[in-house]
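Below you'll find the structure, written out as structure tokens, and then a few comments.
In my numbering, the protein residues as written are 796 to 917.
So this is what it looks like as structure tokens:
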């Protein structure tokens, strides 16, 4: 078990070590390779449709609960158009963070906190 954990840690940390200035792209290559190896190329579409279906179901069951969809304008993992579609299904607006990728909580934590606090305070 320890050896498996070490291999797993190395698999994800090696690309980050090797390309610290482009760590997000390097890490995405690992995720994509894993995904394709385990599930095949068509699974991404299926998974995306499942997410949209889950969002629509959550909106129907929410009983008036509001949602806040936040995304980066440079998100290479979940395209902005997908976030807009999910927001539409949830009856929510999209809060688009400029010059931000997939991890706004790491890239711009203060700005994200302000967006969320503003949303909660409505």
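All C-beta atoms in this analysis are idealised placements derived from N, C-alpha and C, irrespective of residue type, glycine included. As the structure is a computational prediction, the values presented were derived from the model and not from experiment.
Have a look at the DSSP bridge pairing and note the partners of residue i.
i, result
"residue 891", "866"
Could you round the C-beta distance between residue i and residue j to whole angstroms and report it? I think they count as a contact, below 8 Å.
i, j, result
"residue 890", "residue 910", "5 Å"
"residue 905", "residue 896", "In fact, because the Cβ distance is near 16 Å, the residues do not count as touching under 8 Å."
"residue 864", "residue 885", "7 Å"
Specify the secondary structure class of residue i as computed by DSSP and reduced to three states.
i, result
"residue 861", "coil"
"residue 821", "helix"
"residue 802", "helix"
"residue 809", "helix"
"residue 797", "helix"
Would you kindly report the start and end of the unbroken alpha helix (DSSP H) that includes residue i?
i, result
"residue 881", "875-885"
"residue 905", "904-915"
State yes or no: is the C-beta of residue i within less than 8 Å of the C-beta of residue j?
i, j, result
"residue 813", "residue 821", "yes"
"residue 868", "residue 888", "no"
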